[in-house]
Amino acid sequence: MRKKKHGGFRRPFVAKTNTNTKQQPHLASVDPITGKKIPKSFVFSRGKIPGPLKQLQMDLRKLMLPYTALSLKEKRRNNLKDFLNVAGPMGVTHFLILSKTATAAYLRVATTPQGPTLTFKINEYSLAADVAKSQLHPRCPKDLFTNSALIVLSGFVSGDLPLKLTTNMFQNIFPTIDVKTVKLSSCQRIVLLNYNKDTKQIDFRHYSIRLQPIGVSRRIRKFVQNHQVPDLRNLQDVSDFVTKAGYGSESEADEEAATVTLSSDIGRVNRASMKSAVKLQEIGPRMTLQLVKVEKGLCSGEVLFSEYGKPGDKGKHDDEDNEMQDNEDEDDSEGSEDQDGNGSEVDEDEAHEELD
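Read in the UniProt record's numbering, the sequence shown has 6 at position 6, and its numbers run on one by one without any break.
Laid out in structure tokens, this is it:
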């Protein structure tokens, strides 16, 4: 008689990690400056999602680095409780959950373990790869995701409960910073959320931050940054290399509104007490979100806000909610058939390596 694979037990979901521990910096659990718990996240999907949404999921994981599990491998048979069971021991404070119905894609942002949960309809989105392809010179340095992104909210001035909850949620999924002690070299990315009160939509953008010294020609900057010997064959004198403007215009860097005076050295070119231009370059992903539902609990509980009517009313969104729930229940039922009466098992040690 052939032995049953895995002994009939349900296979756990694990987060595969990079075995080269030297490349993984130690991540603190408590901010040494503020004393607050540093937020960590799981980004995963529920139900069946198409390939582009799976890639969006990976883009969001990179965006949330370093305080997320980049290689988290979830299985269709894993239900929400499986993720919640390991969230506490691993210090995971937030879930970002992607799902899809026949009419739209959704992003749920939830605080563990008891909520609240904000459900956003994804009206439009572009992947990081699409953003890079649209640029002449895409920029993504290797160390760009070593530190967490900064968060900037614009237009969230209303006193309405939904906007207050949205503001608090997004402020809390990224680590806080102390402007007096933060190292400028660690500020390399920024997430911008702009709320349009007329359309009730949120423009979600992700940028890299770079500095350019003012009053230094492009040729000199590249020479210092790249450590490459310049090609002087077509020049009469070395002074021609210094004085020639080179490719592109310097006018953007010289605008007073886009410049800052540095308090410390940043790299080889941007030195303390010098003026540098701050430039943002989009790296994606890009999303247009609309808040459609707020639940008091973790993907359940009392409805505090509904875009399609008063909380508790039956309407358009209830049909989509039911379809989304049916997709998730279908996955959960498939998982229960594999369990053979046993509970879910999760390999906490492997998943914990990525977050610690």
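All residues carry an ideal CB built from backbone N, CA and C; glycine is no exception. Quick caveat, the model's predicted, so the values are computed rather than measured.
Provide the residue span of the alpha helix (DSSP H) that contains M64, from first to last. From DSSP, M64 is part of no alpha helix (DSSP H); its letter is neither H nor E.
Mind checking whether A104 and D59 have CB atoms under 9 Å apart? It is not a contact, given that the beta carbons lie outside the stated cut-off.
For L298 versus P113, is the C-beta distance shorter than 9 Å? Cβ distance < 9 Å, so L298 and P113 count as in contact.
Assign A57 to one of three DSSP states: helix, strand, or coil. Note on identity: in this sequence residue 57 is Gln, with Ala being the wrong assignment. In the three-state reduction of the DSSP assignment, Q57 falls in the helix class.
Under the DSSP definition of a beta bridge, which residues are partnered with H206? Answer is V191, bridged to H206.
Can the beta-carbon of S134 be found closer than 9 Å to that of S45? In this structure, S45 does not lie closer than 9 Å to S134 by Cβ.
Would you tell me roughly how many angstroms separate the C-alpha atoms of P175 and L96, rounded to the nearest one? The straight-line gap from Cα to Cα measures roughly 16 Å.
Taking the alpha carbon of E295 as the point to measure from, which residue in P285, R286, M287, S306 has its own alpha carbon closest? Closest by alpha carbon: S306.
For the segment 136–153 against the segment 172–190, do three or more pairs of beta-carbon atoms, one drawn from each stretch, fall closer than 8 Å, so that the two count as touching? The answer is yes - the segment 172–190 touches the segment 136–153, with three or more Cβ pairs under 8 Å.
Three or more C-beta pairs below 8 Å linking the segment 79–89 and the segment 49–67: Verdict: no, contact absent.
Range covered by the alpha helix (DSSP H) that runs through K81: Start and end: 80–90.
E124 versus A110: straight-line alpha-carbon distance, rounded: Whole-angstrom Cα-Cα distance: 21 Å.
Going by beta-carbon coordinates alone, are residue 365 and Y207 separated by less than 9 Å? Outside the displayed span of the chain (1 to 356) sits residue 365, for which this structure offers no information.
Determine the DSSP secondary structure at S185, reduced to helix, strand or coil. Secondary structure at S185: helix, using DSSP grouped into helix, strand and coil.
In this structure, how does DSSP classify K180 when only helix, strand and coil are distinguished? Correct three-state label for K180: coil.
What would DSSP say about L280, mapped onto helix, strand or coil? Judged by DSSP in its simplified three-state form, L280 adopts strand.
Taking all protein chains shown into account, do 16 or more other C-beta atoms lie within 10 angstroms of the C-beta of L136, making it buried, or fewer, making it exposed? Burial call: exposed.
Straight-line gap, V303 to K293 (C-alpha atoms, nearest Å): V303 and K293: Cα-Cα distance of roughly 7 Å.
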